[in-house]
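Residue numbers (our numbering): 77 to 134.
This report concerns only the one structure given below.
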Amino acid sequence: DGADILDTGGESTRPFADPVPIEVELQRVIPLIQAVRQNSDIPISIDTTKAEIAREAL
Numbered sequence: 077d078g079a080d081i082l083d084t085g086g087e088s089t090r091p092f093a094d095p096v097p098i099e100v101e102l103q104r105v106i107p108l109i110q111a112v113r114q115n116s117d118i119p120i121s122i123d124t125t126k127a128e129i130a131r132e133a134l
């Protein structure tokens, strides 16, 4: 049992949700990615509409 993939994002995909600035989204997802990577090799999917977030997540 357990997860096969971790899908995460730093901005709500709910309709009409307020947009999140790039800096805030980075502060939300990068520490999570780093923490997961230190403890697991599970694949991580980043749900974002911003190219900069995707680049930094790599």
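All residues carry an ideal CB built from backbone N, CA and C; glycine is no exception.
Tell me I120's beta-bridge partners as DSSP assigns them. Position 44 of the sequence shown, counted from the start, is the residue given in the question as residue 120. Looking at the DSSP assignment, I120 forms a beta bridge with L82.
Could you have a look at F97 and say whether DSSP puts it in helix, strand or coil? For the purposes of this step, residue 97 is identified with residue 21 of the sequence shown, where counting begins at 1. Note that residue 97 corresponds to Pro in the displayed sequence, not to Phe. Three-state result, P97: coil.
Thinking C-beta only, is I129 closer than 8 Å to V100? On the sequence shown, residue 100 is found 24 positions in, with the first residue counted as 1. On the sequence shown, residue 129 is found 53 positions in, with the first residue counted as 1. No; because the gap between Cβ atoms is not below 8 Å, this pair is not in contact.
Can you tell me whether L108 is helix, strand or coil according to DSSP? Numbered from 1 along the sequence shown, position 32 holds the residue referred to as residue 108. L108: helix per DSSP, three-state reduction.
If you measure between the beta carbons of V112 and L82, is that distance less than 8 Å? Counting from 1 along the sequence shown, the entry for residue 112 is found at position 36. Counting from 1 along the sequence shown, the entry for residue 82 is found at position 6. It is a contact, given that the beta carbons lie within the stated cut-off.
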